[in-house]
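Input: a single structure, listed below in structure tokens.
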Amino acid sequence: MDSGYILIAENLKKSYGVKKAVNGVTIRVGEGEIFGLIGPNGAGKTTTLRMIATLIKPDDGKILIHGVDAVKEPVKARRFIGYLPEEAEVYPRLTGYEHLKFYARLKPSSNSIDEVIEYGAKISGLGKRLYDRASEYSKGMKRRLLLAIALMSKPKLAILDEPTSGLDVYASVNVRKMIKEYVKETGASIILSSHNMLEVEYLCDRIAFINKGVIIAEGSPEELCNKYNATNLEEAFVKAVRGQEAK
């Protein structure tokens, strides 16, 4: 494994027909780092995350996860990955605890199934509500359960696509707290996408702006604000995208 990097993705390319969804994206994520991939709709964020998650195969490029070639050995690489898609849903007839038990049996872990379930229950923060059917959960509770499922096996790399999508402020704060505490406790790495710039500034150590399938800027929130002479990350992002489209 390249020293200090959990994820190395180089020159990723993916086309759908004549459309180049991702055109030469390179990303490196360090140990214990939260990395944000930010872009407008259709910029290539989700396609990039799905390639890293081994759900779709790149047309070209390299992906190493904890030193494993994820393109050539996707099954082996998945042992180190936790993935939360934006459109993930729960099974309404199952309780939260039954969800944890079901997914703990599916995902290999160095810990016992009981230990995985216990950790998932703890980080979900749902308490006694874990024993209620998921059909009775609020949207925020469902998202916390889904995030706990993605993280309970303590993956080296968690891939979170819009983790607070559609949540109110209170629910979003709870999910962000879960993410921060998970990284602090485990030393794991996270790559996430989000449209919420406040969330990105709060969570991320480094950020890449992506537009039209290419990375147009990368750095810490402070570095990006300084680069574009912006007072906040949202302003920096708008200036970066306008600058690319003006070329």
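First residue of the sequence shown: 590, per my numbering; consecutive thereafter. Virtual Cβ for every residue (Gly too), placed ideally from N, Cα, C.
State the Cα-Cα distance for the pair residue i and residue j, rounded to the nearest angstrom.
i	j	result
D648	Y791	34 angstroms
R831	S698	45 angstroms
K661	L756	37 angstroms
T635	Y605	14 angstroms
K646	M640	6 angstroms
L626	N800	10 angstroms
I712	M741	8 angstroms
A825	S782	17 angstroms
L785	N700	The residue asked about is misnamed: residue 785 is Asn in this sequence, not Leu. Rounded to the nearest angstrom, the two C-alpha atoms are 34 angstroms apart.
L673	S761	15 angstroms
G808	C793	10 angstroms
K603	Y720	42 angstroms
Classify residue i as buried or exposed, calling it buried when 16 or more other Cβ atoms lie within 10 Å of its own Cβ.
i	result
N815	exposed
I702	exposed
M590	In this prediction, M590 has a pLDDT of 49, which is less than 50 and means its spatial position is unreliable; what the coordinates show is noted afterwards. Exposed is the call here.
N630	exposed
P681	exposed
N838	Nothing can be reported for residue 838, as the shown portion of the chain is limited to 590 through 836.
R667	buried
R765	buried
A829	buried
G716	exposed
L695	exposed
In the DSSP output, which residue or residues are listed as bridge partners for residue i?
i	result
I626	Note that residue 626 is Leu in the sequence shown here, rather than Ile. S782 and A797.
D648	Looking at the DSSP assignment, D648 forms no beta bridge with any residue, so it has no partner.
N700	Partner(s): none; N700 has no beta bridge.
G656	In DSSP, G656 forms no bridge with anything.
I712	Per DSSP, none; premise fails for I712.
R584	A query on residue 584 cannot be resolved here, the shown segment of the chain reaching from 590 to 836 and no further.
E807	A797
Verify the contact flag: residue i, CB atom, against every heavy atom of the ligand ATP, threshold strictly below 7 angstroms.
i	result
K801	The model on display carries no ligand, and the ligand ATP is accordingly not part of it.
Determine, using beta carbons only, whether residue i comes closer than 8 angstroms to chain D.
i	result
G633	No chain D is part of this structure, which consists of one protein chain only.
Alpha helix (DSSP H) runs contained entirely in the segment 716-793, provided each spans 4 or more residues: Runs of the alpha helix (DSSP H) inside the segment 716-793: 728-740, 758-775 and 786-792.
Three or more C-beta pairs under 8 angstroms: does that hold for the segment 733-749 against the segment 676-688? Contact between the segment 733-749 and the segment 676-688 is established, with three or more Cβ pairs separated by less than 8 angstroms.
Within the segment 663-710, ranges of the alpha helix (DSSP H) (whole runs, at least 4 residues): Whole alpha helix (DSSP H) segments, 4+ residues: 663-666 and 685-695.
Between the segment 619-633 and the segment 764-779, do at least 3 Cβ pairs fall closer than 8 angstroms? Cβ pair count under 8 angstroms is three or more, so yes.
Taking three-plus beta-carbon pairs below 8 angstroms as touching, is the segment 609-618 in contact with the segment 787-804? Touching, yes, given that three or more Cβ pairs across the two stretches are closer than 8 angstroms.
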